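Structure first, then comments.
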Amino acid sequence: MTDMMIKKSIKRVMAVLAAAGVFCGVFPETAAAHFLSSAEEWCIGNEAIQGYEKQHSIWQDDSILTLQNCLVQANHDEIKLREDGEKRYLSNIKVSGENDVNAFTFPGGFIYVTQDMIDFCRTRAADGTTDMNRYNTDSIYNNGTLAFVLGHEMGHFVNEDYLRAYDKRFAVDMLFGLFGGQGSAESVMVQQEAQDILNKMNTRQMSLRVEEQADEKGLRYVSRVPVWSIGNGAIFFHRLCQLEAANHTRQDWQRSHSKSDVRLRRVLGKMKEISGGRVEFKEDRFYLDHQLFMGTGRLDSTAEVDGLERTYYVAGQIASAIEAGLWSKACVAVAEEKDVFVKPHGDGSRLVVCAGKKNRNGTYSCQRVIGIFECSAKELQEASSVRKNKEVETVRFLYQQAAKPVPKDE
Ligand SMILES: [Zn+2]
C-alpha cells in the first residue's frame with residue numbers, strides 16, 4: 479500500500495468520525511510531513527484512552543515516573559514533554575490493572591504499562607515465573623529491564639508509527655472504543671473503515687519492521703543512562719522466552735511481536751556490532767575479544783540477579799564502553815559503591831567497575847557502570863582472597879581485559 483492510499487483511507491475515516499461528532503473541536507489542516515497533525519493525533523489518543531480507562535483500573539506510580547524521567551533526561555533530544563513547549567509530547571506513563579504482561583502506546587504519547595509487566599520485570603524471573611519472594615524495586619537489573627520496555631514504547635511514539643499499529647487487536651479496540659453503542663449507521667461505517675485500514679496497514683511484515691525499530695530505539699534510550707545496559711534488552715527477551723516455555727503460550731504483547739528468541743539474538747547482535755566484534759555470545763556464553771569470559775563465559779549468580787542475566791548486563795556495558803572509546807586502562811576504574819551511587823543499595827560496600835573519564839581537575843567521573851561486585855575494597859587488596867572470592871577475581875579480570883591493547887581485526 480502506498481502512502482497516498484493510506485492517507486486517503488485515513489482521511490475518509492476522519493471525515494466519518496468528524497461527521498459522527500466524535501472529535502473535540504475542528505482540526506487545523508494536516509501538516510505536510512504527516513497524515514495527521516499532532517493535535518489530531520493527540521485528540522484521537524485522548525478519546526481512545528478515555529475508553530480504555532473506563533474498562534480498567536488506572537493509576538500513577540512514582541517509581542515508574544522516575545524511570546520515565548531518567549529516560550527523558552538522557553534522551554531529551556528526541557523525547558519531549560509538555561513543558562518543553564512542543565506540539566507533540568509524551569504524557570506521564572500510567573499503570574494499568576489489566577491482567578496481562580503488557581505495555582502499549584496510544585496515539586499522541588499516552589503510554590500504559592500493566593502492573594503484571596512491572597511485576598514480571600521486578601522479580602528475579604530467571605525461570606520465567608513471577609516470584610514475588612524475589613521482588614526488588616531497587617535492582618539495576620530489574621529497573622533497567624523495565625526501562626527497556628518503556629523505552630520501546632517511547633520508540634513507537636517517537637517513530638510516529640501508531641498508524642501501523644503493532645498490535646492489531648489492540649488497535650481495533652482503540653478505534654472501536656471511540657464508540658459506545660453498536661448499531662448506529664455511523665458506527666457501523668466507521669468500524670468497517672477502521673477494519674479495512676487495519677487489515678491493509680497492519681500486515682505482519684510491516685508490524686515486525688516497526689517493532690524492530692522500536693526495539694532499536696528502546697536499546698538506545700536505555701543505554702544512554704549510565705547505569706542501564708543494552709543487556710537489559712537481552713534480559714527482557716530471555717525472560718519472555720522462558721515465560722513462553724513455562725506457559726506454553728504467548729502473551730498478547732508477544733503475539734504481535736517477533737518471536738522473543740529472534741529479538742534476543744538481535745540484541746546480542748547489536749552488542750557485537752557496536753563493539754566491533756569484541757563482545758559476542760555463542761550458545762549463551764559470553765566471549766570477550768574471542769575468549770570465553772573468565773574461562774566459562776558466565777558471571778556468577780548473586781542473591782539479586784541470575785548469572786546469565788548479569789552476564790548480559792555486563793557484556794552490554796562493555797560493548798557500549800568500547801563503542802564510546804571508554805574501554806581502556808585509562809578509562810576503567812574500580813570504585814566503592816557509595817562513591818558512584820547517590821543512594822547505594824545494601825550497605826554500600828560493594829565494588830563498582832566503571833568506565834569513565836578524568837576531569838580537568840583530576841577527579842574521575844563514571845560514565846558507565848560496567849558491573850557491581852559483591853566484594854569490598856579491602857578484599858580486592860588482599861592478594862590471598864583471589865582463590866576464595868570469585869567476585870574479586872572478576873573485578874581483576876575486567877580491569878586486566880580493559881588494559882589490554884585493542885586486538886587487531888582478524
Ligand atoms: Zn512494540
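Taking the working numbering, the leading residue of the sequence shown gets 479, the next gets one more, and so forth. Think of the CB as a built atom: it goes at the ideal place given N, C-alpha and C, for glycine as much as any other residue. Predicted model, so just to flag it, every value in this text is computed and none were measured.
What first and last residue would you give for the beta strand (DSSP E) that runs through Ser923?
Limits of the chain in this structure are 479 at one end and 888 at the other, which puts residue 923 out of reach.
What residues in its chain sit with their C-beta under 6 Å from that of Ile536, if we drop five residues either side in the sequence?
Here the question's residue 536 lines up with position 58 in the sequence shown. Only Lys572 and Ser574 meet the Cβ criterion.
Is His634 buried or exposed, if buried means 16 or more other CB atoms sit within 10 Å of its CB?
The residue you call residue 634 lines up with position 156 of the sequence shown. Classification of His634: buried, given that the 10 Å Cβ count is 16 or more.
If you draw a straight line from the C-alpha of Lys695 to the C-alpha of Ser854, how long is it?
For the purposes of this step, residue 695 is taken as residue 217 along the sequence shown, with counting starting at 1. For the purposes of this step, residue 854 is taken as residue 376 along the sequence shown, with counting starting at 1. The straight-line gap from Cα to Cα measures roughly 36 Å.
Determine the closest residue to Phe764 out of Leu746, Thr780, Ala781 and Gly754, with distance taken between C-alpha atoms.
Within the sequence shown, numbered from 1, the residue matching residue 764 stands at position 286. Of Leu746, Thr780, Ala781 and Gly754, the residue nearest in Cα terms is Leu746.
Between the alpha carbons of Gln660 and Asn621, how many angstroms are there, rounded?
Along the sequence shown, read from residue 1 onward, the residue named residue 660 stands at position 182. Along the sequence shown, read from residue 1 onward, the residue named residue 621 stands at position 143. Confidence is the limiting factor: at Gln660 the pLDDT is only 46, short of 50, which leaves the residue's position unreliable and the question unanswerable from this model.
Buried versus exposed call for Leu858 [16 or more other C-beta atoms within 10 Å across all chains shown]
As a working mapping, residue 858 is identified with position 380 in the sequence shown. It counts as buried.
If you draw a straight line from the alpha carbon of Asp848 to that of Lys886, how long is it in whole angstroms?
Here residue 848 corresponds to residue number 370 of the sequence shown, with the count starting at 1. Here residue 886 corresponds to residue number 408 of the sequence shown, with the count starting at 1. The residue you asked about is not Asp; residue 848 is Ile in the sequence shown. So the two alpha carbons sit approximately 23 Å from each other.
Classification of Lys760 by the beta-carbon crowding that lies within 10 angstroms, buried from 16 upward
Here the question's residue 760 lines up with position 282 in the sequence shown. Exposed: under 16 other Cβ atoms inside 10 Å.
Beta-carbon separation of Leu697 and Lys748 under 8 Å?
In the sequence shown, counting from the first residue as 1, residue 697 sits at position 219. In the sequence shown, counting from the first residue as 1, residue 748 sits at position 270. It is a contact, given that the beta carbons lie within the stated cut-off.
Does the region 611-620 come into contact with the region 573-591, if we say contact requires no fewer than three beta-carbon pairs (one atom in each stretch) closer than 8 Å?
no
Rounded separation between Trp520 and Val830 - CA only
For the purposes of this step, residue 520 is taken as residue 42 along the sequence shown, with counting starting at 1. For the purposes of this step, residue 830 is taken as residue 352 along the sequence shown, with counting starting at 1. Going from the Cα of Trp520 to the Cα of Val830 covers about 43 Å.
Nearer than 7 Å: is that true of the beta carbon of His634 relative to any heavy atom of ligand 1?
As a first step, residue 634 is located in the sequence shown; it is residue number 156 there, counting from the start. His634 Cβ: within cutoff of ligand 1.
Residues in its own chain within less than 6 Å of Glu758 by CB, not counting five upstream and five downstream?
Your numbering for residue 758 matches position 280 in the sequence shown. Only Lys750 and Tyr765 meet the Cβ criterion.
Could you check where the beta strand (DSSP E) with Cys832 kicks off and where it finishes?
Here residue 832 corresponds to residue number 354 of the sequence shown, with the count starting at 1. Where Cys832 is concerned, the enclosing beta strand (DSSP E) stretches over Leu829 to Lys836.
For Lys807, tell me which candidate among Val740, Glu564, Ala797 and Leu876 has the shortest Cα-Cα distance.
Your numbering for residue 807 matches position 329 in the sequence shown. Looking at the Cα atoms, Leu876 is the closest of the given residues.
Identify every run of the alpha helix (DSSP H) within the region 524-558, keeping only runs that are complete inside it and at least 4 residues long; order them along the chain.
540-552
Given Phe851, which residues of its chain have a CB within under 8 Å of its CB, disregarding the five upstream and five downstream residues?
By one-based count along the sequence shown, residue 851 stands at place 373. If we look at Phe851 and ignore the five residues flanking it on each side, its Cβ neighbours are Arg828, Leu829, Val830, Val831, Glu869, Val870, Thr872 and Val873.
Buried/exposed call for Glu564, threshold 16 Cβ in 10 Å:
The residue you call residue 564 lines up with position 86 of the sequence shown. When all chains shown are included, Glu564 counts as exposed.
Classification of Glu561 by the beta-carbon crowding that lies within 10 angstroms, buried from 16 upward
For the purposes of this step, residue 561 is identified with residue 83 of the sequence shown, where counting begins at 1. Flag for Glu561 reads exposed.
C-alpha gap between Glu518 and Leu549, whole angstroms
Start at 1 with the first residue of the sequence shown, and residue 518 comes out as number 40. Start at 1 with the first residue of the sequence shown, and residue 549 comes out as number 71. Looking at the two C-alpha atoms, the distance is approximately 26 Å.
Between Ala581 and Glu631, is the Cβ-Cβ spacing less than 8 Å?
In the sequence shown, counting from the first residue as 1, residue 581 sits at position 103. In the sequence shown, counting from the first residue as 1, residue 631 sits at position 153. In this structure, Glu631 lies closer than 8 Å to Ala581 by Cβ.
Measuring alpha carbon to alpha carbon, tell me which residue in Phe819, Phe588 and Thr623 is nearest Gln528.
In the sequence shown, counting from the first residue as 1, residue 528 sits at position 50. Among Phe819, Phe588 and Thr623, the Cα nearest to that of Gln528 is on Phe588.
Label Glu815 either buried or exposed according to how many other C-beta atoms from any shown protein chain fall within 10 Å of its C-beta, with 16 as the threshold for buried.
As a first step, residue 815 is located in the sequence shown; it is residue number 337 there, counting from the start. Flag for Glu815 reads buried.
May I have the straight-line CA-CA distance separating Asp616 from Glu782, to the nearest angstrom?
Within the sequence shown, numbered from 1, the residue matching residue 616 stands at position 138. Within the sequence shown, numbered from 1, the residue matching residue 782 stands at position 304. Rounded to the nearest angstrom, the two C-alpha atoms are 10 Å apart.
State the Cα-Cα distance for the pair Asp825 and Trp706, rounded to the nearest angstrom.
As a working mapping, residue 825 is identified with position 347 in the sequence shown. As a working mapping, residue 706 is identified with position 228 in the sequence shown. One C-alpha to the other measures close to 21 Å.
I want to check one thing, is the minimum distance from the CB of Ala724 to the heavy atoms of ligand 1 below 7 Å?
As a first step, residue 724 is located in the sequence shown; it is residue number 246 there, counting from the start. For ligand 1, not one heavy atom lies less than 7 Å from the Cβ of Ala724.
Residues that DSSP places opposite Lys816 in a beta bridge:
Here residue 816 refers to the residue found at position 338 of the sequence shown. According to DSSP, which records beta bridges pairwise, Lys816 is partnered with nothing at all.
Tell me whether Ala692 counts as near ligand 1, meaning its Cβ is closer than 7 Å to at least one heavy atom of that ligand.
One-based indexing of the sequence shown puts residue 692 at position 214. At least one heavy atom of ligand 1 is nearer than 7 Å to the Cβ of Ala692, so yes.
How would you label Arg756, buried or exposed, when you count the other beta carbons within 10 angstroms and need 16 or more for buried?
The residue labelled residue 756 in the question sits at position 278 within the sequence shown. Label assigned to Arg756: buried.
Say yes only if the C-beta of Glu689 is nearer than 7 Å to one or more non-hydrogen atoms of ligand 1, and no if none qualify.
Taking the first residue of the sequence shown as 1, we reach residue 689 at position 211. Indeed, a heavy atom of ligand 1 lies less than 7 Å from the Cβ.
Which partner residues of Ile589 appear in the DSSP bridge assignment?
Taking the sequence shown and counting its residues from 1, one reaches residue 589 at position 111. Per DSSP, Thr583.
In terms of residues, what are the limits of the alpha helix (DSSP H) holding Glu758?
Along the sequence shown, read from residue 1 onward, the residue named residue 758 stands at position 280. Element bounds for Glu758: not the alpha helix (DSSP H) but the beta strand (DSSP E), Val757 to Lys760.
Residue burial classification, Thr544 (beta-carbon count within 10 angstroms, cutoff 16)
Working through the sequence shown from its first residue, we reach residue 544 at position 66. The residue in question, Thr544, is exposed, as its Cβ has fewer than 16 Cβ neighbours within 10 Å.
Helix, strand or coil at Leu697 [DSSP, three-state]
What you label residue 697 is simply residue 219 of the sequence shown in a count that begins at 1. Correct three-state label for Leu697: helix.
Nearest-angstrom Cα distance between Lys882 and Gly711?
As a working note, residue 882 is residue 404 in the sequence shown. As a working note, residue 711 is residue 233 in the sequence shown. Distance between the alpha carbons of Lys882 and Gly711: 28 Å.
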